[in-house]
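All residue numbers for the sequence shown refer to UniProt numbering, where the first residue is 1 and numbers rise by one. Remarks on the structure that follows.
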Amino acid sequence: MSNDPLLQPFQLKHLTLRNRIIVTSHEPAYPEDGMPKGRYRAYTVERAKGGVALTMTAGSAAVSKDSPPVFNNLLAYKDEIVPWIRQMTDAVHDEGAAIMIQLTHLGRRTRWDKGDWLPVIAPSHHREASHRAFPKKIEDWDIERIIKDFADAAERMKAGGMDGVELEAYGHLIDQFTSPLTNELDGPYGGSLDNRLRFCFDVFKAMRERVGDDFILGVRYTADECLPGGTGMSEGIEISKRLRDSGLIDYLNVIRGHIDTDAGLTDVIPIQGMANSPHLDFAGEIRAATNFPTFHAAKIPDVATARHAIASGKVDMVGMTRAHMTDPHIVRKIMEKREDDIRPCVGANYCLDRIYQGGMAFCIHNAATGREETMPHRIPKAVVRKKVVIVGAGPAGLEAARVSAERGHEVVVFEAANNPGGQIRLTAQSERRREMISIIDWRMNQCEKLGVTFRFNNWAEADTVHAEAPDVVIIATGGLPHTEVLSKGNELVVSSWDIISGDVKPGTNVLIFDDAGDHAGLQAAEFLARAGAKVEIMTPDRSFAPEVMAMNLVPYMRSLQKLDVTFTVTYRLEAAEKSGNQIIAHVGSDYGGVAKQQTFDQIVVNHGTIPLDDLYFELKPGSRNLGEVSYDDLISGTPQSVERNPEGAYQLFRIGDAVAARNTHAAIYDALRLAKDL
Numbered sequence: 001m002s003n004d005p006l007l008q009p010f011q012l013k014h015l016t017l018r019n020r021i022i023v024t025s026h027e028p029a030y031p032e033d034g035m036p037k038g039r040y041r042a043y044t045v046e047r048a049k050g051g052v053a054l055t056m057t058a059g060s061a062a063v064s065k066d067s068p069p070v071f072n073n074l075l076a077y078k079d080e081i082v083p084w085i086r087q088m089t090d091a092v093h094d095e096g097a098a099i100m101i102q103l104t105h106l107g108r109r110t111r112w113d114k115g116d117w118l119p120v121i122a123p124s125h126h127r128e129a130s131h132r133a134f135p136k137k138i139e140d141w142d143i144e145r146i147i148k149d150f151a152d153a154a155e156r157m158k159a160g161g162m163d164g165v166e167l168e169a170y171g172h173l174i175d176q177f178t179s180p181l182t183n184e185l186d187g188p189y190g191g192s193l194d195n196r197l198r199f200c201f202d203v204f205k206a207m208r209e210r211v212g213d214d215f216i217l218g219v220r221y222t223a224d225e226c227l228p229g230g231t232g233m234s235e236g237i238e239i240s241k242r243l244r245d246s247g248l249i250d251y252l253n254v255i256r257g258h259i260d261t262d263a264g265l266t267d268v269i270p271i272q273g274m275a276n277s278p279h280l281d282f283a284g285e286i287r288a289a290t291n292f293p294t295f296h297a298a299k300i301p302d303v304a305t306a307r308h309a310i311a312s313g314k315v316d317m318v319g320m321t322r323a324h325m326t327d328p329h330i331v332r333k334i335m336e337k338r339e340d341d342i343r344p345c346v347g348a349n350y351c352l353d354r355i356y357q358g359g360m361a362f363c364i365h366n367a368a369t370g371r372e373e374t375m376p377h378r379i380p381k382a383v384v385r386k387k388v389v390i391v392g393a394g395p396a397g398l399e400a401a402r403v404s405a406e407r408g409h410e411v412v413v414f415e416a417a418n419n420p421g422g423q424i425r426l427t428a429q430s431e432r433r434r435e436m437i438s439i440i441d442w443r444m445n446q447c448e449k450l451g452v453t454f455r456f457n458n459w460a461e462a463d464t465v466h467a468e469a470p471d472v473v474i475i476a477t478g479g480l481p482h483t484e485v486l487s488k489g490n491e492l493v494v495s496s497w498d499i500i501s502g503d504v505k506p507g508t509n510v511l512i513f514d515d516a517g518d519h520a521g522l523q524a525a526e527f528l529a530r531a532g533a534k535v536e537i538m539t540p541d542r543s544f545a546p547e548v549m550a551m552n553l554v555p556y557m558r559s560l561q562k563l564d565v566t567f568t569v570t571y572r573l574e575a576a577e578k579s580g581n582q583i584i585a586h587v588g589s590d591y592g593g594v595a596k597q598q599t600f601d602q603i604v605v606n607h608g609t610i611p612l613d614d615l616y617f618e619l620k621p622g623s624r625n626l627g628e629v630s631y632d633d634l635i636s637g638t639p640q641s642v643e644r645n646p647e648g649a650y651q652l653f654r655i656g657d658a659v660a661a662r663n664t665h666a667a668i669y670d671a672l673r674l675a676k677d678l
């Protein structure tokens with residue numbers, strides 16, 4: 001048996017967990033009609049195949065109709081969920097893993113205009129900032145009804161084969177009862193700590209009566225809200241002891257912080273540029289105070305930190321949830337002594353930020369996650385070996401190279417720069433985004449192991465490509481900043497890339513016109529403001545930086561507000577003209593009726609990229625498919641069948657920003673779904 005602390009089994013009541021790594025409950029927003037159908041099941045089972053001990057699914061499965069899903073949660077209040085749960089649990093158990101589910105009533109953490117348009121409820125009328133609904137103050141009949149709903153849902157989950165149920169307390173209805181900030185009820189459910197905890201214990205009693213003693217029950221709760229007037233650490237320790245002493249539950253899953261604002265949520269679940277494992281020591285204090293099985297997860301992205309968490313006795317089970325979205329086979333690779341092959345989570349939080357904007361959770365650099373029914377995590381070998389030439393060593397080109405090499409093809413990559421990375425290398429120059437470079441480093445490591453040939457400092461031309469006698473050519477040359485968006489004065493502006501790279505010296509009074517709304521605009525603003533410039537960010541949109549999304553916006557705002565950056569929405573930069581050593585900006589509005597002038601000494605335009613596609617069009621006439629992609633083949637996962645020019649020497653494709661300005665995930669997805677079938 002291995003001496004690795006992470007690979008030791010753990011006995012949780014009657015349940016033997018095969019190692020110490022878990023995937024904590026999270027909602028990837030894959031349900032169909034509120035049910036865990038094919039996509040959801042395949043995603044969950046993949047982590048079990050990868051060796052995880054316990055996968056906890058369904059962050060916040062709803063137990064009541066007045067807890068409507070705000071990010072496509074599972075509907076645990078429906079009887080029809082049981083057979084879908086059974087299919088998933090049987091498949092996970094077949095892979096040797098345990099599986100639990102998280103149940104909740106969202107309380108005020110939802111909206112009244114979702115689901116059946118029922119009033120939002122809470123133990124006070126206080127609105128949650130994130131979801132904006134003003135709740136009805138909960139009544140006695142609501143409490144009775146919801147307690148029964150929890151018990152009914154737990155019974156359904158046991159019938160579906162789950163090993164246990166975890167209650168989601170933090171930020172949700174149970175926590176809203178517990179916290180003095182959100183509970184304004186009179187007794188028996190308000191006032192003293194005993195009364196504020198009563199709802200939680202009544203729910204557990206009802207569930208335990210329904211599911212019996214041979215079923216795991218746990219709770220994910222906040223033991224310190226980090227808010228004035230809220231549940232503090234000393235009270236949190238007392239709550240932890242009372243939960244232990246209740247005899248109703250089998251483990252504690254510890255959280256520190258609050259999630260009622262974007263900023264609070266981001267501190268609970270930190271993103272890139274923020275410290276790793278910020279609450280691990282706190283979880284260790286709870287375990288030491290209770291001597292009770294303790295779980296914890298919060299930005300524990302690497303094996304070394306997870307191993308420390310277990311070896312030091314801080315927790316009994318360590319959650320690596322986003323890390324398993326990036327690489328579902330972490331445990332298998334640990335067991336095979338291949339830790340350097342683990343695809344690293346870079347904390348980009350593309351997964352969660354998509355959920356909170358109503359999308360499905362996708363990993364920024366593993367395009368197979370959430371697409372397990374159609375995209376492989378382990379690339380199969382090709383029947384026929386081919387020569388694949390790739391131009392461009394950004395994320396798209398490197399993913400195409402990695403996947404092609406995994407297929408067994410001979411791969412040559414041309415790159416004009418002296419280093420790989422493309423736009424990733426540029427964005428990683430900012431301290432906040434430096435973890436992004438791991439997207440490149442991991443692929444380079446994999447490509448080198450697979451024997452890919454790289455030719456850096458080599459501007460590939462048609463003759464260069466032809467000399468390789470390729471069977472397949474993939475153009476992944478990316479794009480260049482698009483700044484020619486004004487009716488006049490385009491020669492007076494610079495790009496956000498110019499600022500981030502340091503190619504252009506910062507001005508002192510700067511306008512950033514940003515209608516791309518991505519990281520580059522905010523990165524340039526931060527760079528300029530830190531250099532001492534007065535900065536205004538202007539966008540014609542009704543909100544700024546929509547592509548950055550909520551949680552990623554938090555660290556930027558903390559920095560830019562301190563630097564006194566001005567944010568101006570719903571105005572459009574239309575033209576620029578020189579006036580001495582100043583630039584006059586002509587500003588209008590898409591809403592009409594506005595024409596004003598402002599003076600700056602530098603104007604930065606952030607408007608995405610224009611494809612760098614000259615080589616593609618030069619190679620197109622010599623290709624068999626004339627560059628055409630069969631979207632039917634691409635979507636169905638079959639090899640590209642287009643042949644428009646039988647005399648052509650090679651198939652030709654372009655991917656990523658060489659097609660159109662998109663994002664890193666799109667570039668990597670382009671590469672994976674094309675190259676996996678070459």
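Backbone N, C-alpha and C define an ideal beta-carbon position, used for all residues, glycine too. All values derive from a computational prediction rather than experimental measurement.
- A straight-line Cα-Cα distance of about 40 Å links PRO270 and HIS586.
- For LYS381 against PRO470, the beta-carbon gap comes to about 20 Å, at or over 8 Å, which does not count as contact.
- If you draw a 10 Å sphere on the C-beta of LYS596, you find fewer than 16 other C-beta atoms in it, and that means exposed.
- As summarised for the stretch 218 to 262, the continuous alpha helix (DSSP H) elements at least 4 residues long and confined to that stretch are 233 to 245, given in chain order.
- DSSP places MET557 inside the alpha helix (DSSP H), whose first and last residues are 550 to 562.
- Of the other Cβ atoms in all chains shown, 16 or more fall within 10 Å of the Cβ of HIS329; this residue is therefore buried.
- For the pair ALA311 and ILE440, the Cα-to-Cα distance works out to about 31 Å.
- Boundaries of the alpha helix (DSSP H) around ILE437: 437 to 449.
- In this structure ILE286 touches THR294 by the C-beta definition: roughly 6 Å separates them, less than 8 Å.
- The alpha-carbon of TYR251 is positioned some 19 Å away from that of GLY257.
- Within the DSSP bridge table, the entry for ARG455 names PHE414 as partners.
- Under the criterion of beta carbons closer than 8 Å, THR182 and SER124 qualify as touching, at roughly 6 Å.
- The criterion of a C-beta distance shorter than 8 Å is satisfied by ALA97 and ALA53.
- Between the C-alpha atoms of ALA309 and LEU17 there is a straight-line separation of about 17 Å.
- For ARG433, there is no enclosing alpha helix (DSSP H), as DSSP marks it with neither H nor E.
- The DSSP-derived three-state label of LYS337 is coil.
- For GLY38, the enclosing alpha helix (DSSP H) has its first and last residue at 38 to 49.
- Beta-bridge partners assigned by DSSP to ASP514: ASN606.
- When rounded, the separation of the alpha-carbon atoms in LYS136 and ASP66 is 11 Å.
- The criterion of a C-beta distance shorter than 8 Å is satisfied by GLY392 and ALA476.
- CA-to-CA, the gap between PRO31 and GLY59 works out to about 12 Å.
- Approximately 13 Å separates the beta-carbon atoms of HIS377 and ILE668; this is outside 8 Å, ruling out the contact.
- Apart from the 5 residues on each side of it in sequence, LYS205 sits with its Cβ closer than 8 Å to the Cβ of LEU248 in its chain, given in chain order.
- ALA545 places its beta carbon less than 8 Å from that of LEU522.
- Contact check between the stretch 551 to 563 and the stretch 574 to 593: fewer than three CB pairs, one atom from each, fall below 8 Å, which does not count as touching.
- By alpha-carbon distance to SER130, the top candidate from ARG108, ARG242, ASP113 and ASP149 is ARG108.
- Secondary structure of GLN582 (DSSP, three-state): strand.
- Rounded to the nearest angstrom, the gap between the Cα atoms of GLY608 and TRP497 is 10 Å.
- Beta-bridge pairing by DSSP links ASN509 to LYS534.
- Counting C-beta pairs closer than 8 Å gives three or more between the stretch 400 to 407 and the stretch 661 to 676, which meets the contact rule.
- Contact fails between the stretch 523 to 537 and the stretch 613 to 625, because fewer than three Cβ pairs, one in each stretch, are under 8 Å apart.
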